[in-house]
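Visitor: Count along the sequence shown from 1, then add 1340; that gives the number in this note's numbering.
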Amino acid sequence: MALIDWNPKKMSVGVEALDNDHRKLIEILNNLHDVVRNRRDRETIGQALHALASYADYHFECEERLLKLSRYPGLAAHREIHEALRVRVAKIGEDWRRSPDSVVTAEIFDFLSDWLLRHILGEDMKYKAHLAPRGAARPEG
Ligand SMILES: [Fe+2]
Ligand SMILES: [Fe+2]
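1. Can you list every residue whose CB sits closer than 6 Å to some heavy atom of ligand 1, going in chain order?
2. Quick one, which of Leu1365, Arg1426, Leu1471 has its alpha-carbon nearest Pro1514's?
3. Name the residue from Asn1347, Trp1346, Gly1354 whose alpha carbon lies nearest to the alpha carbon of Met1465.
4. If contact is defined by three or more beta carbon pairs under 8 Å, each pair taking one atom from either stretch, is the stretch 1357-1376 in contact with the stretch 1418-1434?
5. Compare the Cα-Cα distances from Leu1389 to each of Ile1448, Lys1408, Glu1463 and report the closest residue.
6. Given 7 Å as the limit, tell me if His1470 has its C-beta closer than that to any heavy atom belonging to ligand 2.
7. Ligand 2 heavy atoms versus the CB of Leu1358: any closer than 7 Å?
8. For the alpha helix (DSSP H) that Ser1394 lies in, which residues bound it at each end?
9. Does ligand 2 have even one heavy atom less than 7 Å from the beta-carbon of His1390?
10. Quick check on the DSSP output: the alpha helix (DSSP H) that includes Asp1374 runs from which residue to which?
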């Protein structure tokens, strides 16, 4: 069972490329949840953590670029929140690598699912009204 289900009605920010990224992030998070819950080997869990960190990096960069291009007034604040998330995810990866058994996995998932959902539903949703009517929604146009 997936930890989080993508829900376009609730989660769409009105820009297809970013919705696709968010869907992918949720998929990666669900996979991480799966491999930890099934107590997969260390390497598999490490890869899943790495996948989340690197995709989050990629996505935050894309999102920031679009927000910058569209002169989103809340960009600086949004960028700071991304940075805090990046640091937190990197820290979880480091802690886990250093000492896999000491990391309480339930806490990790509470945190990861919480921030991801809260970020998409809260912070990302704030730019919806700004970004969606602009060119970003139709990059080919
Ligand atoms: Fe964001
Ligand atoms: Fe986002």
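All residues carry an ideal CB built from backbone N, CA and C; glycine is no exception.
Guide: According to the structure data:
1. Selection output, chain order preserved: Glu1403, His1418, His1422, His1459, Glu1463, Asp1464.
2. The chain is shown from 1341 up to 1481; residue 1514 falls before or after that span and cannot be answered.
3. Gly1354
4. no
5. Selected option, being the one with the closest Cα: Ile1448.
6. Checking the Cβ of His1470 against ligand 2 gives no.
7. Relative to ligand 2, the nearest heavy atom lies less than 7 Å away from the CB of Leu1358.
8. For Ser1394, the enclosing alpha helix (DSSP H) has its first and last residue at 1382-1409.
9. no
10. 1356-1377
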